[in-house]
């Protein structure tokens, strides 16, 4: 078994903070045979944990990890660190005497357990009643209709002090509905759905603004300044809004962060950064906005992939790849249609066409980034074949990106 493809999806709490992740994994040899939710064997789980490490994948979060009966009953399960993982029992596991006994053993040894996407009906409750008191979480597939009888079961589960996780939440109205029904956690990319209403306010960390301001004012090399901007996608988004305000009218197309800084000038950007500090609210949450972490991840992936395709890529090419990533969620941040936002920003045609039409090489990479988020392994393998990359190349870039995002989140949390 040579290659394991890895996916990480966020789980949010009621405060819209990332409280956990779900780790998905499949091996390349079984990919073509996968239909629906068929997951890797116990040996693959062990390979994933040993090769990548919990710190690299999770930062300071815990992870839901799906297990089948084979892994549940194997002794190797007790070697998995209980402080990092929540074992999620697949519905295919029968509640026989041996399984129930193992679940009691795990619970007594301090392991957190969950049920995976169960049906909220009498049959399910009857099946899992012997182990309900040993569970910490129950995950419910929210793409299925929640009937009145389901609501009753939800209330009963809440009485057992179980944490309820609504999965497959892709729209804000589903998120609101799940909150009304009493769910505690929410899994899906609903937070990346644009709400086209009015300009949203986004406040980057003061620490990073000051650092950038100092770099600008001490005549730092522009390449170093550009690099620092690319580490802070939230500030880049604010800069783009500033350009879009009508204060500037550029004839040349903007194709990179380097280009923006050259056109605006150091002093103008420094003044704008200081203005942001004065305009910023004093209050602040202790964790990073999940949307910002998603933007950061996209820029990491875009840059990592373009560098792998073109090892000799120059700063302009890498900058355009970064731009696609950082612009891709601008409609969510600013509550405007992406096409309308791009109309007011002088970006290159290659960036625009990549974002709106998935055209060109950048469009291929942007499409792949979304496939990585959706854990579409078939598309990942097709991309590697199209661009003649070794099998597992994208996996390596994904893991590096996750590590960089974790580091970014950690630094931001310390600065807050």
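In my numbering, the protein residues as written are 76 to 491. Even for Gly, the Cβ is constructed at its ideal location relative to N, Cα and C.
Just reading off the beta strand (DSSP E) that residue i is part of, what are its end residues?
i: residue 214; result: 212–216
Grab me the residues of residue i's own chain with a C-beta within less than 6 Å of its C-beta, minus the 5 sequence neighbours each way, in chain order.
i: residue 266; result: 365 and 366
i: residue 321; result: In this predicted model, residue 321 has a pLDDT of only 45, less than 50, meaning its place in the structure is not dependable enough to derive any value.
i: residue 483; result: 371
i: residue 163; result: 139, 141, 189 and 191
i: residue 461; result: none
i: residue 374; result: 308, 397, 400 and 401
i: residue 376; result: 444 and 476
i: residue 193; result: 199
Which partner residues of residue i appear in the DSSP bridge assignment?
i: residue 65; result: Residue 65 lies beyond the range of the chain shown here (76 to 491); nothing can be said about it.
i: residue 96; result: 85 and 138
i: residue 161; result: 139 and 187
i: residue 193; result: 215
i: residue 240; result: 214 and 260
i: residue 80; result: 101
Suppose you measure from the CA of residue i to the CA of residue j; what does that come to, to the nearest Å?
i: residue 186; j: residue 161; result: 7 Å
i: residue 112; j: residue 167; result: Annotation note: pLDDT 35 at residue 112 (below 50); position unreliable, no value reported.
i: residue 233; j: residue 243; result: 20 Å
i: residue 262; j: residue 219; result: 14 Å
i: residue 428; j: residue 396; result: 12 Å
i: residue 252; j: residue 268; result: 16 Å
i: residue 176; j: residue 430; result: 52 Å
i: residue 204; j: residue 214; result: 15 Å
i: residue 439; j: residue 195; result: 40 Å
i: residue 470; j: residue 150; result: 28 Å
i: residue 159; j: residue 480; result: 18 Å
i: residue 368; j: residue 172; result: 43 Å
i: residue 132; j: residue 294; result: 37 Å
i: residue 225; j: residue 202; result: 16 Å
i: residue 89; j: residue 241; result: 11 Å
i: residue 99; j: residue 289; result: 42 Å
i: residue 381; j: residue 392; result: 8 Å
i: residue 493; j: residue 286; result: The structure shown does not extend to residue 493, since the chain spans only 76 to 491, so no value can be given for it.
i: residue 236; j: residue 178; result: 18 Å
i: residue 83; j: residue 448; result: 8 Å
i: residue 384; j: residue 468; result: 10 Å
i: residue 200; j: residue 155; result: 28 Å
i: residue 485; j: residue 302; result: 19 Å
i: residue 211; j: residue 165; result: 15 Å
i: residue 91; j: residue 423; result: 34 Å
i: residue 306; j: residue 450; result: 25 Å
i: residue 209; j: residue 147; result: 15 Å
i: residue 180; j: residue 478; result: 33 Å
i: residue 314; j: residue 135; result: 30 Å
i: residue 465; j: residue 386; result: 14 Å
i: residue 254; j: residue 441; result: 32 Å
i: residue 458; j: residue 446; result: 10 Å
i: residue 418; j: residue 339; result: 19 Å
Only counting the same chain, and skipping five residues up and downstream in sequence, which positions put a Cβ closer than 7 Å to that of residue i?
i: residue 389; result: none
i: residue 257; result: 229, 233 and 239
i: residue 291; result: 300, 341, 344 and 345
i: residue 249; result: 217 and 265
i: residue 434; result: 428
i: residue 437; result: 395, 396, 399, 425, 426 and 429
i: residue 137; result: 95, 159, 160 and 161
i: residue 182; result: 188 and 209
Under the criterion of a Cβ to heavy atom distance below 7 Å, does residue i qualify as lining the ligand ADP?
i: residue 192; result: Although the ligand ADP was asked about, the structure shown includes no ligands whatsoever.
Considering just the uninterrupted stretch of the alpha helix (DSSP H) at residue i, what are its terminal residues?
i: residue 460; result: 452–461
i: residue 337; result: 332–339
i: residue 168; result: Neither: residue 168 is in no alpha helix (DSSP H) and is coded neither H nor E.
i: residue 564; result: Past the edges of the chain, shown from 76 to 491, lies residue 564, and the structure says nothing about it.
i: residue 439; result: 435–448
i: residue 297; result: 297–305
i: residue 365; result: 365–384
i: residue 249; result: 247–255
i: residue 388; result: No alpha helix (DSSP H) holds residue 388; DSSP gives it neither H nor E.
i: residue 148; result: 144–148
Measure from the C-beta of residue i to each C-beta in chain B and report whether the shortest distance is under 8 Å.
i: residue 339; result: The question asks about chain B, but that chain is absent: this structure has only one protein chain.
Excluding the five sequence neighbours on either side, which residues of its own chain have a C-beta within less than 8 Å of the C-beta of residue i, listed in chain order?
i: residue 169; result: 144
i: residue 106; result: Because the pLDDT at residue 106 is just 43, under 50, the model does not fix this residue reliably, and the point stays unresolved.
i: residue 184; result: 153 and 157
i: residue 297; result: 333, 336 and 337
i: residue 246; result: 265 and 268
i: residue 86; result: 93, 94, 95, 96, 97, 139, 240, 260, 261 and 262
i: residue 406; result: 269, 271, 412, 413 and 416
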